[in-house]
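These notes are about the structure you will find just below.
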């Protein structure tokens, strides 16, 4: 059990660093409609990744056939990488700043695109 927790911690650290780097990079490149595009894109790609990994997980999988690998990748990396808490705070900040249309657009884009990305990843992972 201790090894699993260590793998989750490692994956979370890697996912968090990747989120910070990619979210900042995307935030610099995309700045239209006043939306937090870095967070949106990280959540979409993270949703796709966890769907892809879930589609590849199982006893017949060549590399995600152990609970420890799933814990490292799906719980650790994806959990550290995706930013739902940041999404929530940024949406509330948009609302508090009077940006109701931007806040609603942020919610709609994030939820719909992340669900679609997870479904696509799952379908591709299942082959």
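In the numbering used here, the protein residues as written are 2 to 128.
Backbone N, C-alpha and C define an ideal beta-carbon position, used for all residues, glycine too.
Considering only the beta carbon of each residue, do residue i and residue j sit closer than 9 Å?
i: residue 5; j: residue 72; result: yes
i: residue 107; j: residue 90; result: no
i: residue 24; j: residue 84; result: yes
i: residue 87; j: residue 45; result: no
i: residue 122; j: residue 52; result: yes
i: residue 35; j: residue 103; result: yes
i: residue 54; j: residue 65; result: yes
i: residue 126; j: residue 14; result: no
Can you tell me the Cβ-Cβ gap for residue i and residue j, rounded? I've got them flagged as a contact below 8 Å.
i: residue 16; j: residue 81; result: 3 Å
i: residue 195; j: residue 27; result: The chain is shown only over 2 to 128; residue 195 falls outside these bounds and no answer can be derived.
i: residue 79; j: residue 128; result: Not quite, the Cβ-Cβ distance comes to about 20 Å (not below 8 Å), so this is no contact.
i: residue 8; j: residue 97; result: 38 Å between Cβ atoms; not a contact.
Starting from residue i, follow the alpha helix (DSSP H) in both directions and report where the run begins and ends.
i: residue 106; result: 101-127
i: residue 13; result: 3-30
Starting from the N-terminal side, write out each stretch of the beta strand (DSSP E) that is 3 residues or longer and does not extend beyond the region 37-96. Entirely contained in the region 37-96, not one beta strand (DSSP E) run reaches 3 residues.
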